[in-house]
Amino acid sequence: MSNNPSDDPASAGDGPADSFNPFAATNTPQEVSPNVPLDHRPNLGMFSAVTVVCILQFVLGGLEMLVAAALAFGSVGSSLQSGADIAALIGMGVFSAVIGVSAVLRIVSGIFGLRYRRWGLMVGSLIYGFCSLFTCYCSLFSLVTGILGLVVMFDGTVQQAFRLGAEGLDPNAIRSRIRGY
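Residue numbers (the numbering used here): 294 to 474.
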């Protein structure tokens, strides 16, 4: 064993001991293999979550459609039997119409969103969809979908994909261009 401190790997110094440190920063560029690991792929941002948001829009739109129908037909049936006030009947009708419009907007924006078209419609339907918070039926689901959807839609990569869609590119071509294939 040598008494030279530079030969000891545990010594702190600027000598050859630093070459034994597996956590030391390297300045040499590494070649990228054809099987590129995920951490070296282009930054996709929230691009992959657009499909998830569109599917959530479909599901929530269908649930809201059921709630709107239940509010409309349930209030009419119960008010006819009990002789309820006409103002309450009109109020329930208006409320069910608002929820019904939200449901239709969600479904239509989900269809266009899968093709990366009409970014404004998707954002508008997510914001207008907060009206279903007042139903207490879809409130938590609507809140989560709205927040997630707005975060995804305001991502730069997603906005770029919707701009390409507005130019008329096919969804597969948009995915290929964004992912860098």
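C-beta atoms are modelled at their ideal positions from N, C-alpha and C, and glycine is treated no differently.
Rounded to a whole number of angstroms, what is the C-alpha to C-alpha distance between residue 414 and residue 423?
14 Å
Specify, as a first and last residue, the run of the alpha helix (DSSP H) that residue 419 falls within.
412-421
Let me confirm a value: residue 380 is counted as buried when at least 16 other C-beta atoms fall within 10 Å, else exposed. Which label applies?
Burial state of residue 380 is exposed, judged by a 10 Å Cβ sphere holding fewer than 16 other Cβ atoms.
Taking buried to mean at least 16 other C-beta atoms within 10 Å of its own C-beta, is residue 399 buried or exposed?
buried
Pull up the distance between the alpha-carbon of residue 364 and that of residue 351, whole angstroms please.
20 Å
Whole angstroms is fine: what's the gap from residue 464's alpha carbon to residue 409's?
Rounded to the nearest whole angstrom, the C-alpha separation of residue 464 and residue 409 is 7 Å.
Helix, strand or coil for residue 408 per DSSP?
coil
Inspect the CB distances between the region 382-393 and the region 337-356 and report whether three or more fall short of 8 Å.
no
Indicate whether residue 357 and residue 429 have their beta-carbon atoms separated by less than 9 Å.
no
Smallest Cα separation from residue 353: which of 446, 418 and 460?
When each option's Cα is compared against that of residue 353, the closest is 418.
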